[in-house]
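*Asks:*
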Amino acid sequence: MSSPSPLQRFRPDPFFVLLVLTVLSAMVLPATDMVAEWLSRASYAAVVVLFFVYGAKLDPRAVLAGLANWRLQGTTLLTTFALFPVIGLALATAIGSILPANLALGVLFLCLLPSTVQSCIAFTSLAQGNVGGAVCAATLSNIAAVALTPLLSAILLQTGEGPSGSAVVNIGVQILLPFALGQISRRVIGAWFAQHPRLTLAVDRGSILLIVYTAFSAGMVAGVWMRVTPCDIVVLLGAEILLLAIILAGSMLLARKLGLDRSDRVALLFCGSTKSMATGIPVANILFMGQAVSLIVLPLLIFHQLQIFVCASIAHRLSRQT
Numbered sequence: 001m002s003s004p005s006p007l008q009r010f011r012p013d014p015f016f017v018l019l020v021l022t023v024l025s026a027m028v029l030p031a032t033d034m035v036a037e038w039l040s041r042a043s044y045a046a047v048v049v050l051f052f053v054y055g056a057k058l059d060p061r062a063v064l065a066g067l068a069n070w071r072l073q074g075t076t077l078l079t080t081f082a083l084f085p086v087i088g089l090a091l092a093t094a095i096g097s098i099l100p101a102n103l104a105l106g107v108l109f110l111c112l113l114p115s116t117v118q119s120c121i122a123f124t125s126l127a128q129g130n131v132g133g134a135v136c137a138a139t140l141s142n143i144a145a146v147a148l149t150p151l152l153s154a155i156l157l158q159t160g161e162g163p164s165g166s167a168v169v170n171i172g173v174q175i176l177l178p179f180a181l182g183q184i185s186r187r188v189i190g191a192w193f194a195q196h197p198r199l200t201l202a203v204d205r206g207s208i209l210l211i212v213y214t215a216f217s218a219g220m221v222a223g224v225w226m227r228v229t230p231c232d233i234v235v236l237l238g239a240e241i242l243l244l245a246i247i248l249a250g251s252m253l254l255a256r257k258l259g260l261d262r263s264d265r266v267a268l269l270f271c272g273s274t275k276s277m278a279t280g281i282p283v284a285n286i287l288f289m290g291q292a293v294s295l296i297v298l299p300l301l302i303f304h305q306l307q308i309f310v311c312a313s314i315a316h317r318l319s320r321q322t
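Numbering-wise (full-length UniProt numbering), the sequence shown opens with residue 1 and increments by one.
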């Protein structure tokens, strides 16, 4: 089997292309007045549906079965919700005097998010790592994030006023409650969701695109993009490259210190270094309501594509070493 060319390896994720087109559409034709109001309501509903679907799809039995490998699961959670936030806090502080405040805030916010699910499992499989462990780690990370991401955000994201009471209520209503209802209804509808993966994928990605368009439209109408320069984007990209490099190196160092075998090290590498845009954008839309959400999620959009480029390259290289 021939190895992929550099062009194939680094081709953009199709969903990322859709995201870019959505952002450009919002910049050229932003929603205003009544349209913006209706889109805001639709985005609210989309978040509810999105987390209900997540709850119905995630099988807690897979998590329980994989918890026996406590070193892999514990290290992944430690990397995702401790190492990442500590490094993100230091990095956001360092670039806070260079970048607009909302971009620096966005860098810290992305560090509080859970692992991706599909990407880290696919990369682990390609690199011939512990796929079962990766499934469990990614699932456990996303279940834990339902509570941990809002909690860490309340502690670390000090924007002057701190998270408002309405934001806390909205997290409960839009995220925790539908997620719990999805888990409760798994026995009835879980099999149906499993039989219709394209439909659930359309709900997942369609909801995110709607939320992104609404957020970036609001940013254009409010004129927040006048505050961002090409130099800011270059600095942001450099900071995120540094962030990903530190996390990848730190994950491997931690794995070796704990004596994880190769298959578990591979799973930790991808589950501990990737961040979920599917969770991040809806949560940002709630936590930062009334603020420049489009600027806050921009670091996440960039990091998402960066992690795909880098992790795909690493996975291909590891696959040739076995």
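The beta carbon of each residue, even a glycine, is placed where N, CA and C say it ideally should be.
Report the rounded CA-to-CA distance for I314 versus V131, giving the unit in angstroms.
*Replies:* The count along the sequence shown starts at 1 and reaches residue 314 at position 314. The count along the sequence shown starts at 1 and reaches residue 131 at position 131. Answer to the nearest angstrom: the Cα atoms are 16 Å apart.
*Asks:* Using three-state DSSP, classify K275 as helix, strand or coil.
*Replies:* Along the sequence shown, read from residue 1 onward, the residue named residue 275 stands at position 275. The answer is coil: DSSP assigns K275 none of H, G, I, E or B.
*Asks:* Once the 5 residues before and after S276 are set aside, which same chain residues still bring their CB inside 6 Å of it?
*Replies:* Numbered from 1 along the sequence shown, position 276 holds the residue referred to as residue 276. Excluding sequence neighbours, S276 sits near L113, P114 and T116.
*Asks:* Which stretch, first to last residue, makes up the alpha helix (DSSP H) that contains H316?
*Replies:* On the sequence shown, residue 316 is found 316 positions in, with the first residue counted as 1. That run of the alpha helix (DSSP H) goes V293 to S319.
*Asks:* Are the CB atoms of A239 and V107 within a distance shorter than 8 Å?
*Replies:* As a working note, residue 107 is residue 107 in the sequence shown. As a working note, residue 239 is residue 239 in the sequence shown. Yes, these two residues count as a Cβ contact at 8 Å.
*Asks:* Please state whether the Cβ-Cβ distance between I281 and I211 is less than 8 Å.
*Replies:* Here the question's residue 281 lines up with position 281 in the sequence shown. Here the question's residue 211 lines up with position 211 in the sequence shown. Yes, the pair counts as a contact, with Cβ atoms nearer than the cut-off.
*Asks:* Could you tell me how far apart the beta carbons of T149 and F270 are, in whole angstroms, since I believe they sit closer than 8 Å?
*Replies:* For the purposes of this step, residue 149 is taken as the residue at position 149 of the sequence shown. For the purposes of this step, residue 270 is taken as the residue at position 270 of the sequence shown. Contact doesn't hold; Cβ gap of about 19 Å is too wide.
*Asks:* Is the beta carbon of K179 sitting closer than 8 Å to the one on G55?
*Replies:* The count along the sequence shown starts at 1 and reaches residue 179 at position 179. The count along the sequence shown starts at 1 and reaches residue 55 at position 55. The identity of residue 179 in the sequence shown is Phe, whereas the question assumes Lys. Contact: yes.
*Asks:* Can you say whether S141 is buried or exposed, counting buried as having 16 or more other CB atoms within 10 angstroms of its CB?
*Replies:* Here residue 141 refers to the residue found at position 141 when the sequence shown is read from its first residue. Buried, by the Cβ-count rule.
*Asks:* Whole angstroms is fine: what's the gap from P100's alpha carbon to R227's?
*Replies:* Counting from one through the sequence shown, the residue named residue 100 turns up at place 100. Counting from one through the sequence shown, the residue named residue 227 turns up at place 227. Using only the alpha carbons, I get a separation of about 7 Å.
*Asks:* Which ranges does the alpha helix (DSSP H) cover as unbroken runs of at least 4 residues, wholly within the segment 99-136, from first to last along the chain?
*Replies:* Entirely contained in the segment 99-136, the alpha helix (DSSP H) runs reaching 4 residues are, in chain order, 101-110 and 118-126.
*Asks:* Going by beta carbon distance, what residues of the same chain come within less than 7 Å of S40, once the five residues before and after it are set aside?
*Replies:* On the sequence shown, position 40 is the one that residue 40 refers to. Only T214 meet the Cβ criterion.
*Asks:* Which one of V310, I302 and V221 has the shortest CA to CA distance from A36?
*Replies:* Here residue 36 refers to the residue found at position 36 when the sequence shown is read from its first residue. Looking at the Cα atoms, V221 is the closest of the given residues.
*Asks:* What does the Cβ neighbour count give for V283, buried or exposed, with the cut at 16 atoms within 10 Å?
*Replies:* Counted from its first residue, the sequence shown places residue 283 at position 283. Label assigned to V283: buried.
*Asks:* Leaving out the 5 sequence neighbours to the left and right, which residues in its chain are closer than 7 Å to C120 when beta-carbon positions are compared?
*Replies:* Along the sequence shown, one-based indexing puts residue 120 at 120. The residues are A134, A138, F270, C271 and T274.
*Asks:* May I ask you to report which of helix, strand or coil DSSP gives P30?
*Replies:* For this step, residue 30 is matched to residue 30 along the sequence shown. P30 falls in the coil class under three-state DSSP.
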